[in-house]
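Visitor:
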Amino acid sequence: MKRFFYDWVPPRLDIWLMLLLSIILAFNSGIPSAISGYIIGSQSAIPADMSMANFAYSCGMACVLPLTMRIKQLTSSKSILCGALLIIILMNFTLSQTNEPLVMVLASFVIGCVRMVATLEVVLSLMPILMPKGERYQFYSVYYPISLIFGPLSGFLTAIISDHVNWKFSFHLQNLFLFAGLLITVLFVHPKRYGRKIPLYQYDWLGTIFLAASLLLISYLFSYGLTKDWFTSMKMQGAAIGVMISLVLFLQRSLRVKRPLADLKVLTYWKAVAGLIMIFLLCLLYNSTSLLSPFMNIVLKSNQLESAKVNTYIIPGFIAGSLLSYVYYRKFTNFNVMAGMACVCFLASNIFMYYLTSSLTSSADLFLPLFFRGMAIAVSYISVGLYVAGSVPVSYFIDLSTLLIILRSVISPVLASALYANLIYRGQIKYVNYLAGKMDGLNSYVTARGAGVVSSVKVQASMLAVRDVYGILIIAGIVLLAVIIVFPFHGSNKRTVLDWKSPFYKNDLAQAIPG
160 MKRFFYDWVP PRLDIWLMLL LSIILAFNSG IPSAISGYII GSQSAIPADM
210 SMANFAYSCG MACVLPLTMR IKQLTSSKSI LCGALLIIIL MNFTLSQTNE
260 PLVMVLASFV IGCVRMVATL EVVLSLMPIL MPKGERYQFY SVYYPISLIF
310 GPLSGFLTAI ISDHVNWKFS FHLQNLFLFA GLLITVLFVH PKRYGRKIPL
360 YQYDWLGTIF LAASLLLISY LFSYGLTKDW FTSMKMQGAA IGVMISLVLF
410 LQRSLRVKRP LADLKVLTYW KAVAGLIMIF LLCLLYNSTS LLSPFMNIVL
460 KSNQLESAKV NTYIIPGFIA GSLLSYVYYR KFTNFNVMAG MACVCFLASN
510 IFMYYLTSSL TSSADLFLPL FFRGMAIAVS YISVGLYVAG SVPVSYFIDL
560 STLLIILRSV ISPVLASALY ANLIYRGQIK YVNYLAGKMD GLNSYVTARG
610 AGVVSSVKVQ ASMLAVRDVY GILIIAGIVL LAVIIVFPFH GSNKRTVLDW
660 KSPFYKNDLA QAIPG
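When the count follows the numbering used here, it moves up by one through the sequence shown with no breaks and lands on 674 for the last residue.
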């Protein structure tokens with residue numbers, strides 16, 4: 160097995176240094192959602208701008224995945240990490256200085272691209288240590304908690320800085336971590352390049368452009384749809400046409416060229432399709448930020464710091480879900496059980512939220528629903544990752560991982576965000592009209608509240624609208640659970656001894672790349 164670090168570095172430090180680099184990269188994810196409120200308030204931006212920037216980050220991660228293996232064959236790990244860390248530092252500085260939404264979106268997209276390259280460079284070297292005999296469940300149960308846990312922690316830390324100093328300093332803090340990662344890379348990572356050098360001229364650059372255009376236009380369409388009143392806006396009409404054109408060109412190129420960006424032949428394997436559909440539906444259940452954000456704004460009186468603190472309640476769920484998955488997959492391989500467990504946890508979270516949807520709810524009351532939500536996310540990520548890893552030949556795994564990230568990190572959250580936001584908007588209108596029709600100008604309560612009764616009606620209407628959507632999610636979760644129980648998810652989680660010393664070890668490694 161080729162070492163990631165210099166020979167003089169004690170081998171027992173390898174895993175800790177790699178995990179430290181993974182944590183540093185996990186702290187950087189474009190614009191943290193925890194400080195979006197501070198940016199909106201100081202930049203006179205709108206929530207749609209922040210949503211678009213976050214989706215652009217995910218688009219960048221999805222678009223660059225097929226390129227990562229080529230870059231790895233082109234240069235050394237040291238060069239890749241140094242270049243990636245420096246680019247992220249530059250983009251973070253740009254985000255701290257700009258007030259243009261377009262620049263924020265482009266910078267977030269670049270960060271998504273570069274962070275994926277850097278993360279996989281560390282992950283591909285970490286896997287032989289965490290899964291020496293092919294124990295994929297062991298690797299997923301360690302790596303996914305790291306990638307999931309430090310998102311909320313980073314948000315809470317940046318919210319503290321934004322609340323006490325300025326939101327711009329949160330990006331400077333991220334850069335401090337990145338400088339630490341750069342120092343580790345310069346001092347300890349060796350500059351050797353292993354394997355045969357593969358040029359990039361055969362890479363499908365045009366396909367990447369078509370895919371990026373498709374995903375960014377889809378994100379734009381659903382991020383700004385409600386703000387611009389959907390297709391009454393010429394910009395929305397243009398975006399819809401652009402999506403269709405770029406998507407058709409991408410699909411046509413994927414079927415026509417010799418080495419496509421994503422080989423769609425992977426969809427001929429029904430297990431791969433089943434895994435993609437399952438993660439898409441499960442993601443629709445837990446991508447409920449559009450529900451949780453307005454609810455917490457009311458309950459926590461728009462206290463961004465307290466909201467970031469509440470978001471950390473999901474961390475124990477991540478840990479519990481990862482431990483449960485590790486224990487289960489160490490002995491069993493029935494994916495129906497764990498997929499059903501993820502769905503049950505989503506159901507529990509939504510049921511709790513349905514009954515907690517009240518202006519009298521405290522932040523402490525949100526621990527259990529967020530705990531179950533975190534547990535569901537960890538279990539679903541690990542389970543689907545293991546299921547699809549054994550569903551296709553090695554040669555198709557990068558293609559499947561690309562489609563998995565597109566569905567899980569872009570399409571599903573974009574659709575869920577737009578769907579829930581529109582349902583809440585329509586529900587607010589319905590309940591405002593309903594409550595207003597029940598008020599009587601001669602009622603002593605109404606006259607005593609005066610103008611304050613209007614804000615009370617809006618708050619109550621918002622709560623009722625949010626509760627209705629949680630009710631819909633509960634019904635959808637029950638239906639999905641029934642489907643999971645009867646669907647024959649059969650897969651193999653057997654341990655396969657892998658030859659990590661082979662010059663073609665990347666093909667084995669690719670089987671465990673997190674999607």
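Ideal Cβ placement from N, Cα and C applies to all residues, glycine included.
Does the stretch 509-523 come into contact with the stretch 625-635, if we say contact requires no fewer than three beta-carbon pairs (one atom in each stretch) closer than 8 Å?
Guide: Output reads yes: the stretch 625-635 touches the stretch 509-523.
Visitor: By how many angstroms is the C-alpha of Gly544 removed from the C-alpha of Ser651?
Guide: Low local confidence applies: a pLDDT of 45 at Ser651 is under 50, so the model's placement there is unreliable, with the coordinate-based value given in what follows. For Ser651 and Gly544, the distance between alpha carbons rounds to 12 Å.
Visitor: Can you look up Val348 in the DSSP assignment and give me helix, strand or coil?
Guide: Strand, per DSSP.
Visitor: How is the alpha helix (DSSP H) around Ser518 delimited, first residue to last?
Guide: Segment: none, Ser518 is in no alpha helix (DSSP H) and carries neither H nor E.
Visitor: State the start and end residues of the unbroken alpha helix (DSSP H) segment that holds Leu380.
Guide: It spans 364-383 - the alpha helix (DSSP H) in which Leu380 sits, taken as one unbroken run.
Visitor: Grab the span of the alpha helix (DSSP H) containing Ala193 for me, first residue to last.
Guide: From DSSP, Ala193 is part of no alpha helix (DSSP H); its letter is neither H nor E.
Visitor: Which term fits Ile633, buried or exposed, when burial requires 16 or more other beta carbons within 10 angstroms of its beta carbon?
Guide: Ile633 is buried by the Cβ-count criterion.
Visitor: Give the secondary structure of Leu178 by DSSP, where H, G and I count as helix, E and B as strand, and everything else as coil.
Guide: Residue state, collapsed to three classes: helix.
Visitor: Alpha helix (DSSP H) containing Tyr165: first to last residue?
Guide: No alpha helix (DSSP H) contains Tyr165, which DSSP labels as neither H nor E.
Visitor: Which term fits Thr391, buried or exposed, when burial requires 16 or more other beta carbons within 10 angstroms of its beta carbon?
Guide: Flag for Thr391 reads exposed.
Visitor: Pull up the distance between the alpha-carbon of Val264 and that of Met211, whole angstroms please.
Guide: Distance between the alpha carbons of Val264 and Met211 is about 7 Å.
Visitor: Report the residue from Thr516, Ile637, Ala221 whose alpha carbon sits nearest the alpha carbon of Leu441.
Guide: Ranking the options by Cα distance to Leu441, first place goes to Ile637.
Visitor: Short check: CB of Ile305 to CB of Ile182, under 8 Å?
Guide: Yes, the pair counts as a contact, with Cβ atoms nearer than the cut-off.
Visitor: Under the three-state reduction of DSSP, which class applies to Trp389: helix, strand or coil?
Guide: Note: Trp389 maps to helix in three-state DSSP.
Visitor: Kindly confirm or deny that the stretch 239-250 and the stretch 163-175 touch, where touching means at least three C-beta pairs closer than 8 Å.
Guide: The stretch 239-250 is not in contact with the stretch 163-175.
Visitor: Using three-state DSSP, classify Asn666 as helix, strand or coil.
Guide: The pLDDT assigned to Asn666 is 41, lower than 50, so where the model puts this residue is not dependable, and the model offers no usable value.
Visitor: Closest to Lys121 by C-alpha separation, out of Phe369, Tyr629, Val591, would be which residue?
Guide: Examination of residue 121 is not possible in this model, given that the chain is present from 160 through 674 alone.
Visitor: Compute the Euclidean distance between the alpha carbons of Leu172 and Ile557, then round it to the nearest angstrom.
Guide: Using only the alpha carbons, I get a separation of about 30 Å.
Visitor: Helix, strand or coil for Ser235 per DSSP?
Guide: The answer is coil: DSSP assigns Ser235 none of H, G, I, E or B.
Visitor: Is the separation between the beta-carbon of Ile190 and that of Met209 shorter than 8 Å?
Guide: Yes; because the gap between Cβ atoms is below 8 Å, this pair is in contact.
Visitor: Nearest-angstrom Cα distance between Cys504 and Thr317?
Guide: So the two alpha carbons sit approximately 29 Å from each other.
Visitor: Give every residue of the same chain whose Cβ lies closer than 7 Å to the Cβ of Ala620, excluding the five residues on either side of it in the sequence, and list them in chain order.
Guide: Same-chain partners within the cutoff: Gln587, Tyr590, Val591, Leu594.
Visitor: Note the first and the last residue of the continuous alpha helix (DSSP H) segment covering Glu465.
Guide: Looking at the DSSP string, the run of the alpha helix (DSSP H) that includes Glu465 is 463-470.
Visitor: Does the count of Cβ pairs from the stretch 275-291 and the stretch 214-230 closer than 8 Å reach three?
Guide: As far as the Cβ criterion goes, the stretch 275-291 touches the stretch 214-230, which means the pair count is three or higher.
Visitor: Would you call the CB atoms of Phe381 and Val573 closer than 8 Å?
Guide: In contact: Phe381 and Val573 (Cβ atoms closer than 8 Å).
Visitor: What number of angstroms, rounded off, separates the C-alpha of Ser452 from the C-alpha of Gly434?
Guide: C-alpha separation (whole angstroms): 29 Å.
Visitor: Does the beta-carbon of Asn325 have 16 or more other beta-carbons within 10 angstroms, so that it is buried, or is it exposed?
Guide: With fewer than 16 Cβ atoms within 10 Å of its Cβ, Asn325 is classed as exposed.
Visitor: Thinking C-alpha only, which one of Leu482, Tyr546, Leu176, Phe439 is nearest Leu346?
Guide: Checked all of Leu482, Tyr546, Leu176, Phe439; the closest Cα to Leu346 is Leu176.
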